[in-house]
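Here is the structure we will look at.
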Amino acid sequence: MALYLIENQYGQLLSKELTWIDASEADTLFYSPHKDQAINQLVELSSKDTSLRGKITHCAVDDRGRPALAQLTATAD
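Below, the structure is given as structure tokens:
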């Protein structure tokens, strides 16, 4: 199983509060098990901030059901 995160052009990840943070805390990150939900969130963010260059990133799930941040990989599609 994979989880989908949103990363900006500076390598920061989107938090649940819709702010950009470092990948230090898996509990505070916005993530979705569904790629289409992550894409919809990215489109919404991009419409509000036209300078945003975001991408969907996927990673494995840790034993607690959170993103395993050590295994982050960007999706090509």
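Here my numbering is used: the first residue of the sequence shown is 2, the next is one more, and so on. The C-beta atom is built at its ideal place from N, Cα and C for all residues, glycine as well. As the structure is a computational prediction, the values presented were derived from the model and not from experiment.
| request: Using alpha carbons as the reference points, say which of 9, 66 and 61 lies closest to residue 51. | output: For this step, residue 51 is matched to residue 50 along the sequence shown. Comparing Cα-Cα distances from residue 51 to each of 9, 66 and 61, the minimum goes to 9.
| message | Tell me the DSSP secondary structure of residue 64 in three-state form. | response | Here residue 64 is taken as the residue at index 63 of the sequence shown, counted from 1. Here DSSP, grouped into helix, strand and coil, assigns residue 64 to coil.
| task | Just the C-alpha distance for residue 56 and residue 33, rounded to the nearest angstrom, thanks. | result | Residue mapping note: residue 56 aligns to position 55 of the sequence shown, counting from 1. Residue mapping note: residue 33 aligns to position 32 of the sequence shown, counting from 1. Approximately 14 Å, taken between the alpha carbons.
| field | Contacting residues, own chain, Cβ-Cβ under 8 Å from residue 7 (five flanking each side not counted) | value | Your numbering for residue 7 matches position 6 in the sequence shown. Same-chain partners within the cutoff: 14, 15, 31, 39, 42, 43, 46, 55, 56, 57 and 58.
| request: Can you tell me the Cβ-Cβ gap for residue 60 and residue 70, rounded? I've got them flagged as a contact below 8 Å. | output: In the sequence shown, counting from the first residue as 1, residue 60 sits at position 59. In the sequence shown, counting from the first residue as 1, residue 70 sits at position 69. Confirmed, about 7 Å.
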